[in-house]
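The next block holds one structure in the form of structure tokens; read it before the comments.
Number of protein chains: 2
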Amino acid sequence: MQDENEFENNAEDILENKIEHAYELIENKDFQKLKELLAELEPADIAMMLEEVPIEKVPLIFRILPKELAADTFVEMDSDQQEVLIRAFSDEELEQVMRDVFVDDTVDIIEEMPANVVRRILKSISPERRAKINDIMHYPEDSAGSIMTIEYVDLTESMTVADAFDKIRETGLNKETIYTCYVIDGNRKLKGLVTVMTLLTSPQEAVIADIMDENVIFTTTDADKEDVSKLIEKYDLLAIPVVDLEHRLVGIVTVDDAIDVIQEEAEEDFAKMNAITPMEKPYLKTSVFNIWKSRIPWLMLMMVSATFTGMIISSFESALAKVVILTSFIPMLMDTGGNSGSQASVTIIRGLSLGEIEFSDILRVIWKEARVSILCGISLAVATFLKIMLINNLLLHENVDWTVALVVCITMALTIVIAKFIGCTLPLLAKKIGFDPAVMASPFITTIVDAVSLLIYFSVATSILPGI
Amino acid sequence: MQDENEFENNAEDILENKIEHAYELIENKDFQKLKELLAELEPADIAMMLEEVPIEKVPLIFRILPKELAADTFVEMDSDQQEVLIRAFSDEELEQVMRDVFVDDTVDIIEEMPANVVRRILKSISPERRAKINDIMHYPEDSAGSIMTIEYVDLTESMTVADAFDKIRETGLNKETIYTCYVIDGNRKLKGLVTVMTLLTSPQEAVIADIMDENVIFTTTDADKEDVSKLIEKYDLLAIPVVDLEHRLVGIVTVDDAIDVIQEEAEEDFAKMNAITPMEKPYLKTSVFNIWKSRIPWLMLMMVSATFTGMIISSFESALAKVVILTSFIPMLMDTGGNSGSQASVTIIRGLSLGEIEFSDILRVIWKEARVSILCGISLAVATFLKIMLINNLLLHENVDWTVALVVCITMALTIVIAKFIGCTLPLLAKKIGFDPAVMASPFITTIVDAVSLLIYFSVATSILPGI
Numbered sequence: 018m019q020d021e022n023e024f025e026n027n028a029e030d031i032l033e034n035k036i037e038h039a040y041e042l043i044e045n046k047d048f049q050k051l052k053e054l055l056a057e058l059e060p061a062d063i064a065m066m067l068e069e070v071p072i073e074k075v076p077l078i079f080r081i082l083p084k085e086l087a088a089d090t091f092v093e094m095d096s097d098q099q100e101v102l103i104r105a106f107s108d109e110e111l112e113q114v115m116r117d118v119f120v121d122d123t124v125d126i127i128e129e130m131p132a133n134v135v136r137r138i139l140k141s142i143s144p145e146r147r148a149k150i151n152d153i154m155h156y157p158e159d160s161a162g163s164i165m166t167i168e169y170v171d172l173t174e175s176m177t178v179a180d181a182f183d184k185i186r187e188t189g190l191n192k193e194t195i196y197t198c199y200v201i202d203g204n205r206k207l208k209g210l211v212t213v214m215t216l217l218t219s220p221q222e223a224v225i226a227d228i229m230d231e232n233v234i235f236t237t238t239d240a241d242k243e244d245v246s247k248l249i250e251k252y253d254l255l256a257i258p259v260v261d262l263e264h265r266l267v268g269i270v271t272v273d274d275a276i277d278v279i280q281e282e283a284e285e286d287f288a289k290m291n292a293i294t295p296m297e298k299p300y301l302k303t304s305v306f307n308i309w310k311s312r313i314p315w316l317m318l319m320m321v322s323a324t325f326t327g328m329i330i331s332s333f334e335s336a337l338a339k340v341v342i343l344t345s346f347i348p349m350l351m352d353t354g355g356n357s358g359s360q361a362s363v364t365i366i367r368g369l370s371l372g373e374i375e376f377s378d379i380l381r382v383i384w385k386e387a388r389v390s391i392l393c394g395i396s397l398a399v400a401t402f403l404k405i406m407l408i409n410n411l412l413l414h415e416n417v418d419w420t421v422a423l424v425v426c427i428t429m430a431l432t433i434v435i436a437k438f439i440g441c442t443l444p445l446l447a448k449k450i451g452f453d454p455a456v457m458a459s460p461f462i463t464t465i466v467d468a469v470s471l472l473i474y475f476s477v478a479t480s481i482l483p484g485i
Numbered sequence: 018m019q020d021e022n023e024f025e026n027n028a029e030d031i032l033e034n035k036i037e038h039a040y041e042l043i044e045n046k047d048f049q050k051l052k053e054l055l056a057e058l059e060p061a062d063i064a065m066m067l068e069e070v071p072i073e074k075v076p077l078i079f080r081i082l083p084k085e086l087a088a089d090t091f092v093e094m095d096s097d098q099q100e101v102l103i104r105a106f107s108d109e110e111l112e113q114v115m116r117d118v119f120v121d122d123t124v125d126i127i128e129e130m131p132a133n134v135v136r137r138i139l140k141s142i143s144p145e146r147r148a149k150i151n152d153i154m155h156y157p158e159d160s161a162g163s164i165m166t167i168e169y170v171d172l173t174e175s176m177t178v179a180d181a182f183d184k185i186r187e188t189g190l191n192k193e194t195i196y197t198c199y200v201i202d203g204n205r206k207l208k209g210l211v212t213v214m215t216l217l218t219s220p221q222e223a224v225i226a227d228i229m230d231e232n233v234i235f236t237t238t239d240a241d242k243e244d245v246s247k248l249i250e251k252y253d254l255l256a257i258p259v260v261d262l263e264h265r266l267v268g269i270v271t272v273d274d275a276i277d278v279i280q281e282e283a284e285e286d287f288a289k290m291n292a293i294t295p296m297e298k299p300y301l302k303t304s305v306f307n308i309w310k311s312r313i314p315w316l317m318l319m320m321v322s323a324t325f326t327g328m329i330i331s332s333f334e335s336a337l338a339k340v341v342i343l344t345s346f347i348p349m350l351m352d353t354g355g356n357s358g359s360q361a362s363v364t365i366i367r368g369l370s371l372g373e374i375e376f377s378d379i380l381r382v383i384w385k386e387a388r389v390s391i392l393c394g395i396s397l398a399v400a401t402f403l404k405i406m407l408i409n410n411l412l413l414h415e416n417v418d419w420t421v422a423l424v425v426c427i428t429m430a431l432t433i434v435i436a437k438f439i440g441c442t443l444p445l446l447a448k449k450i451g452f453d454p455a456v457m458a459s460p461f462i463t464t465i466v467d468a469v470s471l472l473i474y475f476s477v478a479t480s481i482l483p484g485i
């Protein structure tokens, strides 16, 4: 069925074949052919391939990579493998690899290594670069400063286009991006930017000051990295300049790092909203103990906080004993309530994360949710009544009294309205007092909504049903 | 406290001031100054500003924008405003704006417009572009073809570096990116790529065939846009070429579109996992009716499926009537079970989305979750026992019998193990049979886990407690 054309067109198959072939060459110790093959692969793919190779063979294979590919591959590897390699490297080899690694990537590597490995890395780096690494490591976690790269092309206003091209040619290969160049004055203050596109379409003798764009979108070293990524996304930038408090250019954040931040923040929200402490490594690489550690505190919290729901049920024991059928609707009421609440909270939490909703929108949000919840409440109450009459009574012959059905339906409607109110306000309030809204989503809202729905249930039951 | 320096450093404040100023100028009808001010703003900011301007004034303000800024701003506006503008435009104005809009953006606009507006747009576009738009609109939704841009720089192997620069200068301004140029042969087959960086560091007379990179990471028109974005992310690309079945270059997908896809897919997962049908517009712009529509089906499904849990409780009515305290632990068992299940399912669903986990990992996943769930189960069972003895008995004097406590703890441990098993396998099975794993997360897993936890509870109770 598979013709050659279709095969050739599938980039993934080609890659898989190459990697399979690489494994064979390693098996047969054909390092000459392996070297040729690896040169065709991307750093990320070589790193992926090396994960499946016995750890003791990794340094051997790594050594046959061309110098620059080696450094790029090193950056893509996971920290366990990096550590093995660093331990296997001679001082000279380490020096050579680290020379080609960008400062921001070096910082990432250092942060994952044990102290003795860090000492060896720092020893292998020039004092000048060491100072720069130190600077970046001192920026607060999650700040623009901590993720910026310091390899960019800077120009001055008096340069000509020809000068600019000379500078790009001379230093460009060691810069993370050359396509946007930043214009600074004698004090390194950011004056403007000029793209290579502009340079290419300007005469060679034009002066940078005349062609540069002075409306630069920039950020500061202490800005939240999430906000920085949002700027890059909003304005479709390839990189954004980072300035210090004196408006001096100190680095840039590139679009690939912004994608990582966006991805990372979304994953953190996914974890927190579902009662998991965010983990650093992918699931399959995280130890059982660490997964347990990331999950158990929330389950414990949930278990203890369920004391309230237990107390509510206990105090209505006699009512439940009299009208036993009431118990059978508890799961439905709790689940629908919990779900209604989480529908609202997730919408608001993501809106906050994406910057679409702010605390000042709280009244608009409440008004919107109020209308949605009344619509949802009425439609579900009606549906529940029909369901009880058709499924529970006609089909299952449970003979639920219509007054009990009424109690269930009224509770359903009220629970939904309150659940959505809690679900939409709690994240906004959390944000306001400086808490992470995402943490509010699961255990807190569930516990509160559970308790509220039971209280409503029993209040409605005692006031409508005769004799309890 | 706020000195001038700090103020100047805050890009957000500067922007807000400019926008405030713009509103004043609109109010005072000072269009000359407004024109100057708008020229300093980014298209995304002008679009944001126009959202707060009375709709009837928008066409007036739009007309004072410089031609290219107008087109860029138009693309950034939301579809309601675009529609108002198109209706206000003369045929000539519409033609002028559409001329500067990229084909992929035109497709996005057309997809949101009512039929009569679409007809006007298509009439304003040259037949040649219209054919291209038609092509893109025929690619399946969510395919690379549907989001690709057809404005890229293509070179041939026999060109020199000087020729390449000439072509970039000549056509570059109308291309979405010029920094990666694609090399094609006479049949438009993709042969390689060359970056502007390489062009800049090569001699003017060098031939493209000699300097191009033949190991091109590419994708096909029918590839899933999510996979395409993953490639861009993995290899840190600025753009990826898209080829048809004959390996002919037909377009490129750029990194800014990839970010949008990544963001969009994450939001879809957030919605689905929390029983919401994904919505197209931001929350505050979505109508109450549409929000209701996106939430009610799942709540209904949940309500109906709770029939099972109700049935289980009904059939154990007599047991519950005898040991009434059993009822008070139902919420705790159900919530902890539901949470344990969702912890596992969210982890697996995101792993699948990110490509970190595949169906073939199912045994590894089950083995990992088995160990995690046994750890969680034992620790929670012990904690529950202590909690019942300390809080329920010592503090609240509920006098829970130790045999009842035992029933609760055994149920807790078993529920967690089974919930995590269901939570980790369901999404993988869903993926295998072509369902969306994210939809499995909330209503399905909750309903199943609820039913299972109740069944375990009553089975354990009837076998341990005397007389029920």
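Chain order of the listed sequences is S and X. Here my numbering is used: the first residue of the first sequence is 18, the next is one more, and so on. Here my numbering is used: the first residue of the second sequence is 18, the next is one more, and so on. Idealized CB from N, CA, C, for every residue including glycine.
Amino acids of chain S, ordered along the chain, whose beta-carbon sits closer than 9 angstroms to that of residue i
i, result
"X:LYS52", "In chain order: nothing, as chain S lies at least about 15 angstroms away."
Chain S contact residues for residue i, given Cβ-Cβ distances below 8 angstroms
i, result
"X:ARG205", "Those within 8 angstroms of X:ARG205 in chain S number zero; the least Cβ separation is about 14 angstroms."
"X:GLU186", "Sequence check: residue 186 of chain X is Arg here, not Glu. Near X:ARG186 (Cβ distances below 8 angstroms), the residues of chain S are LEU217, THR218."
"X:ILE201", "Within 8 angstroms Cβ-Cβ: nothing; X:ILE201 doesn't reach chain S, min ~15 angstroms."
"X:TYR252", "GLU59, ALA61"
Bridge-paired residues (DSSP) for residue i
i, result
"X:LYS206", "X:ARG265"
"X:VAL224", "X:THR177"
Closer than 6 angstroms: residue i CB and nearest the ligand GTP heavy atom
i, result
"S:GLU158", "In the structure shown, the ligand GTP is absent, as is every other ligand, since no ligand is present at all."
Coarse secondary structure for residue i, derived from DSSP in three states
i, result
"S:ASP277", "helix"
"X:SER160", "strand"
"X:TYR199", "strand"
"S:ILE257", "strand"
"X:ASN34", "helix"
"X:THR238", "coil"
"S:GLU21", "For S:GLU21, the predicted structure reports a pLDDT of 39, less than 50, and the residue's modelled location is therefore unreliable. A value from the coordinates is still provided. DSSP places S:GLU21 in helix when its eight states are reduced to three."
"X:ASP230", "strand"
"S:ASP171", "strand"
"S:VAL469", "helix"
"X:VAL456", "helix"
Candidates the options, of which the one nearest residue i by Cα
i, options, result
"S:ALA87", "S:ALA478, S:PRO71, S:ASP117, S:MET65", "S:ASP117"
"X:ARG312", "S:GLY358, S:SER322, S:SER331", "S:GLY358"
"X:VAL114", "X:ARG80, X:PRO131, X:MET229", "X:ARG80"
"X:ASP352", "S:TRP315, S:ILE365, S:VAL341, S:VAL399", "S:TRP315"
"S:MET94", "S:ILE391, S:GLU110, S:GLU69", "S:GLU69"
"X:PRO220", "S:ASP183, S:ILE36, S:GLY394, S:ALA338", "S:ASP183"
"S:VAL170", "S:ILE308, S:VAL267, S:ASP227", "S:VAL267"
"S:LYS437", "S:GLY451, S:TRP419, S:ILE462", "S:ILE462"
"S:THR464", "S:LYS448, S:GLY327, S:ILE342, S:LEU337", "S:GLY327"
"X:THR294", "X:SER304, X:GLU415, X:TRP309, X:VAL305", "X:TRP309"
Under 7 angstroms by beta carbon: chain S residues contacting residue i
i, result
"X:GLN360", "ASN291, ALA292, ILE293, ARG312"
"X:GLY268", "Residues of chain S passing the Cβ test: none, with the nearest at roughly 15 angstroms."
Under 8 angstroms from the C-beta of residue i: neighbouring residues of chain X
i, result
"S:PRO348", "ALA323, THR326, GLY327, ILE330, ILE347, MET351, ASP467, LEU471"
"S:LYS404", "MET320, VAL321, THR324"
"S:VAL305", "LYS385, ARG388, VAL389, LEU392"
"S:ARG381", "LEU301"
"S:ALA338", "ALA338, VAL341"
Whole-angstrom C-beta distance between residue j and residue i, which should lie under 8 angstroms
i, j, result
"S:LEU482", "S:VAL340", "6 angstroms"
"X:MET165", "X:ASP97", "The pair is not a contact, with the Cβ atoms about 26 angstroms apart (cut-off 8 angstroms)."
"S:CYS441", "S:ILE383", "6 angstroms"
Chain X residues whose Cβ lies nearer than 7 angstroms to that of residue i
i, result
"S:ALA400", "MET317, MET320"
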